[in-house]
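Okay, structure first, notes after.
Protein chains in written order, with my numbering: chain Z, 12 to 132; chain W, 224 to 609.
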């Protein structure tokens, strides 16, 4: 509830190193994660979410968990971690926490892809 | 402001019920004196409910456990009894799940079911009705009004079309009863679903109006109560409460409807005027007096509900997450809303206990709730962000 009322790290990063979007508004949930990477650590992370209260709260909690971690550590954040950190979610809301972890992983993959492209050049 | 989900029981109804839980505990079927007062009370309640809808006689009212049972009985009972005449049923695409799922069940038992389309306001397409209706059609079931979007159907016109053939017309009046005057004779209704709680009576009791001569099979067999159509010892305290609720509804329907309609229009106007990208669901005037159904682009209904809840306001959304499934409401999709529009819908239903001050309060807090959620949403267009 607290993470819905006062979400942490809400917003966009204009010059993000990686961006991940999962879900779509048709299903009722959509999340975009922006990350800024420095020395293999998540220096900054922000989110934007269209969805129910649980989706907003899990986005917020996930950014809290991930911030400051190395990319390898962040990739290990699972769906269960996010739900646990919020003291559990009702079964029907578990897909919200899935979404948050998936969006983070998508953002990190996007970062890796961009890095590869940069070294090719 | 979620009266369509559950209404308080009127204190006058509770007072009427109490003696039947304390002193008059007898069984209305008993011939001895313990049964006499209950029998009398049962028939008085039946008469009051019959009067509310101008039924030709009180015996046309059958007590059941509520609207869901009524709808099951009307659909399956008529289907089973009239299979020899045809196996085709017509209903609309915005009915309550008790109609939808009864019809789907019948499909697995060899019946053919047509779900009529509705327009953007939620009105049943009368041309489709005329086209789909054949001599094999035994039943047409159309709701009086939809609780989610408020739209009231032109029942009399529908009845004239249905009765141009040999089908029966069933009308689910759960959302409408007690709010708008219903006249089964004038409107040409063969079966009508009434619910007690929707008119400030107790939960767990309802009545099905069955016009004399309508061929119908019971679903519950037993000791033959309710003219053999619905067995089981009568739930007397609830029936007495339902009767009282019907009596009060009849007396107060015009003043209460006027009061609610005024608040409804104020709420709708207040929200649509102060919030950009906001829209009304359903028809602006042919709608239930208590129903203010609106939608806001770029945000999701449940997050609005939570925000309202934190500020002390209870509302409802037909959208995903709130219900037991994650699919948006079939009603909102049927009136042509896109999934994301359906997800952004919010429903306020006003009751006797709601005041104009409460309406003003909602109008005052809603813009900032929408603004905050739009700031979080990735779908919000740039011009709204500042």
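For each residue, glycine too, the CB sits at the ideal point set by N, CA and C.
Boundaries of the beta strand (DSSP E) harbouring residue 284 of chain W: 284 to 287, taken from the DSSP string. Judged by DSSP secondary structure, residue 29 of chain Z falls within the beta strand (DSSP E) whose first and last residues are 29 to 35.
Of the candidates W:390, W:403 and W:460, W:390 places its Cα closest to the Cα of residue 439 of chain W.
Put simply, the CB of residue 569 of chain W is far from chain Z, with every gap to its CB atoms at 7 Å or more. Counting other Cβ atoms within 10 Å of its Cβ, residue 516 of chain W reaches 16 or more and is therefore classed as buried.
In the displayed model, residue 364 of chain W falls within a strand according to three-state DSSP. Here the alpha carbon of residue 294 of chain W sits roughly 46 Å from the alpha carbon of residue 89 of chain Z. Following the DSSP letters along the chain, one finds residue 465 of chain W inside the alpha helix (DSSP H) bounded by residues 459 to 497. In the DSSP assignment, residue 572 of chain W falls within the beta strand (DSSP E) that extends over 568 to 572.
Scanning the region 248 to 312 of chain W from its first residue to its last, the whole beta strand (DSSP E) runs of 3-plus residues come out as 284 to 287.
The C-beta of residue 601 of chain W comes closer than 7 Å to at least one C-beta of chain Z. In the assembly as shown, residue 591 of chain W is an exposed residue. Its beta-carbon has fewer than 16 other beta-carbons within 10 Å. The three-state secondary structure of residue 54 of chain Z, taken from DSSP, is strand. For residue 67 of chain Z, no beta strand (DSSP E) run applies; the uninterrupted alpha helix (DSSP H) run containing it begins and ends at 64 to 77, by DSSP.
Apart from sequence neighbours up to five positions away, the residues of its chain that approach residue 244 of chain W with a beta-carbon distance below 6 Å are 460, ordered along the chain. Within chain W, no residue has its beta carbon less than 8 Å from that of residue 29 of chain Z; the closest one is some 16 Å off.
Here residue 257 of chain W is exposed, its C-beta having fewer than 16 other C-beta atoms within 10 Å.
For residue 37 of chain Z, the nearest CB of chain W lies under 7 Å from its own CB, placing it at the interface with that chain.
Ranked by Cα distance from residue 333 of chain W, the options W:317, W:311 and W:353 are led by W:311.
In the structure shown, residue 93 of chain Z falls within a helical segment according to DSSP collapsed to helix, strand and coil. Of Z:57, Z:37 and Z:14, the smallest CA-CA separation from residue 25 of chain Z is found for Z:57. Residue environment for residue 587 of chain W: exposed (fewer than 16 other C-beta atoms within 10 angstroms of its C-beta).
Chain-order list of chain Z residues neighbouring residue 454 of chain W: empty, with the shortest C-beta distance near 37 Å, by a criterion of under 8 Å. Among the residues of chain Z, those whose CB is under 8 Å from the CB of residue 522 of chain W are 61, following chain order.
Around the CB of residue 239 of chain W, 16 or more other CB atoms lie within 10 Å, so the residue is classed as buried. A direct Cα-to-Cα measurement between residue 469 of chain W and residue 585 of chain W gives close to 30 Å.
Straight-line spacing of the CA atoms in residue 418 of chain W and residue 61 of chain Z works out to 37 Å.
Taken in chain order, the complete alpha helix (DSSP H) segments of 4 or more residues contained in the region 397 to 450 of chain W are 407 to 410. The alpha carbon of residue 97 of chain Z has as its nearest neighbour, out of Z:67, Z:125, Z:54 and Z:46, the alpha carbon of Z:67. In the DSSP assignment, residue 226 of chain W falls outside any beta strand (DSSP E) and carries neither an H nor an E. In the three-state DSSP reduction, residue 120 of chain Z falls in the helix class (H, G or I). Residue 593 of chain W has its alpha-carbon roughly 13 Å from the corresponding atom of residue 534 of chain W. Assignment of residue 594 of chain W by DSSP, reduced to helix, strand and coil, places it in the helix class. By DSSP's assignment, residue 46 of chain Z forms a beta bridge with Z:29 and Z:56. The bridge partners DSSP lists for residue 453 of chain W are W:443. Closest option to residue 447 of chain W, judged by alpha-carbon separation, among W:228, W:251 and W:412: W:251.
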